């Protein structure tokens, strides 16, 4: 410890104080209401600052290693071109759609509030007035972290607000996932096997389905892989600049998906142990501020930790070890592709299992011969995999065979793909000509599996998805001028991010005079009411019931499921008591 100089001790001391301040401010000192106010008003700026610091750190690293980076690109540009071609073909084969609702529309709504006011909240009931003026009747702090909406905000800022920016973000993220995955396994297995790994990864319909959606799973996977890549780079050359890059990546990852914050416990202890003592003298302000950048993630968990957010009867049900046995059994069915709609590939599941056995045997035989940095990297990867597995197996909604939770399995696909390629690579060493057979086989699996994504087989039976598509298609076809009407729906938050004026049925029921005034003042030409009607008695479901005081003219009806249908009606401007 005598090698640490006063400057190094100063940074370490201030970082310790920063950690203490982050814990106290994140969990204990502020009241819940104060946390919510801070989250709304400051989260955008936390992420903005974090991204700027991260880009500065990245630019410094690239400047120091520009020659190596350019040489790497020149050497591997065919593989990068292949990644781009795969993304292009997949974007044609599988149309971009909003699939998991209301997750994806809530994320888009949060990006809208960032674009409009740099606030971090989801506007759930809005009336749009004249030339961009709007009145927000209700907004909430959404339980989903804010970094993916920030990605959308950047695209909105550069190209104008457009709901389709979510698909563009995920297309770019998918390309980078392929590129980072290639860069991770190429040093271990070589260029040919690394590109085969990309083909194996792209053979999973689950991945194609969700990088053609507007959810945050693809971006979360990208940042997780970026973290793993930086960890490997650091272990190869442990320097202060490398660990600071990781320190700035962790809070961004923590604000991408909920469980991603746990990566801190898998990564930081290993890296601190592996960093040479002398390198502590070169730590900078980036290390000191890093703990404070986690504050929005802490506030969000406290503010939104409720039965409503997790859709459970009691908060104790949300996470429990009692769920492991059931969820683990379903996880096995999911991995081995028991049904096509899971978006998995059975043969790849069995090959991954065989690859795991082969890898463990090789690891046991050659463990002493492995370099320590290789062991540390393996420890980090295993830790991340175990943490993500436990987070899902102990979760109330951790059954990955469900149509709206299968996306939680996306994070395991790179590891499965590596195990498959490791096995195929080992067999190719035995018979070199087999590698051409592997490429043909993987391409055949891709062609066989992609229709699962192209048909939306994994999500098309979800009621919210069907309701949203049915209503939006009708409105786009029959009421294209969105500034001429407002919607009344129990799912108003689905429509707000698309430029619709929309309010909740409950608000309209409680404020009939305000609703009718919008029509009588000619602010809007129409008010359209979206209801779910029970097939048994022909009456609106409780959340769709508008009240007896409104006169409705039915415009369109369409079956939603066996027990209900969707009805779209026009609200008469005449308001009378029945």
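Residue numbers (the numbering used here): 296 to 873.
Built from N, CA and C at the ideal position, the CB exists for glycine as well.
Just so it is clear, the structure is predicted and the values come from calculations on it, not from any experiment.
DSSP places residue 818 outside any alpha helix (DSSP H), giving it a letter other than H or E. Excluding its 5 nearest sequence neighbours in each direction, residue 521 has C-beta neighbours in its own chain below 7 Å: 475 and 544, listed in chain order. Residue 784 is bridged by DSSP to 799.
Our two residues, residue 452 and residue 705, have alpha carbons roughly 29 Å apart in a direct line.
The C-beta separation of residue 506 from residue 535 comes to about 35 Å, leaving the pair out of contact by the 8 Å criterion. With respect to the C-alpha of residue 442, the residue from 426, 340, 298 and 541 having the closest C-alpha is 340. Judged by beta-carbon spacing, residue 546 lies within the 8 Å limit of residue 588, meaning their Cβ atoms are closer than that value. In this structure, residue 575 lies away from residue 650, with their beta-carbon atoms at least 8 Å apart. Setting aside the 5 residues that flank it on each side, residue 698 is surrounded in the same chain by 636, 753, 754, 756 and 757, each with a C-beta closer than 8 Å to its C-beta; the list follows chain order. A contact is defined here as three or more CB-CB pairs under 8 Å, and the region 799-813 meets this definition with respect to the region 835-853. One thing to note: residue 689 has its Cβ within 8 Å of the Cβ of residue 619. Residue 550 sits away from residue 681, with the two beta carbons spaced by 8 Å or more. Positions of the alpha helix (DSSP H) runs, each at least 4 residues long and wholly inside the region 636-722, are given as 641-661 and 667-688 in order along the chain. DSSP lists 859 as the beta-bridge partner residues of residue 829. In the structure shown, residue 808 falls within a helical segment according to DSSP collapsed to helix, strand and coil. Put simply, the backbone Cα of residue 676 is about 7 Å away from that of residue 523. Short of 7 Å from the beta carbon of residue 403, and not among the five residues preceding or following it, lie these beta carbons of its own chain, in chain order: 447, 458, 461, 509 and 792. Measuring C-alpha to C-alpha distances from residue 564 to each of 671, 320 and 465 identifies 671 as the nearest.
Taking C-beta atoms under 8 Å as the contact rule, residue 644 and residue 659 fail to qualify, at a distance of about 23 Å. Annotation: residue 613 to residue 351 spans about 39 Å, alpha carbon to alpha carbon.
If you look at residue 419, you'll find it in the beta strand (DSSP E) that goes 417-423.
About 6 Å separates the beta carbon of residue 852 from that of residue 860, a gap short enough to meet the 8 Å contact definition. A distance below 8 Å separates the beta carbons of residue 420 and residue 799. Check the Cα spacing between residue 626 and each of 703, 355, 594 and 373: the tightest is with 703. A straight-line Cα-Cα distance of about 21 Å links residue 492 and residue 746.
Residue 712 and residue 525 have their C-alpha atoms roughly 20 Å apart. Counted as a single uninterrupted DSSP element, the alpha helix (DSSP H) harbouring residue 497 occupies residues 486-497.
Going by DSSP, residue 432 is part of the beta strand (DSSP E) stretching over 429-435. Under a 10 Å Cβ-count criterion, residue 772 is classified as exposed, with fewer than 16 other Cβ atoms of the shown protein chains found around its own Cβ. Taking every protein chain shown into account, the CB of residue 498 has 16 or more other CB atoms within 10 angstroms, so this residue is buried. Counted as a single uninterrupted DSSP element, the alpha helix (DSSP H) harbouring residue 362 occupies residues 361-388. Excluding its 5 nearest sequence neighbours in each direction, residue 429 has C-beta neighbours in its own chain below 6 Å: 421 and 423, listed in chain order. In the structure shown, residue 458 falls within a coil segment according to DSSP collapsed to helix, strand and coil. By the Cβ neighbour-count rule, residue 556 is buried, with 16 or more other Cβ atoms within 10 Å of its own.
Distance between residue 539 and residue 673, taken at the CA atoms: about 21 Å. Under the three-state reduction of DSSP output, residue 507 falls in the coil class, being neither helix nor strand.
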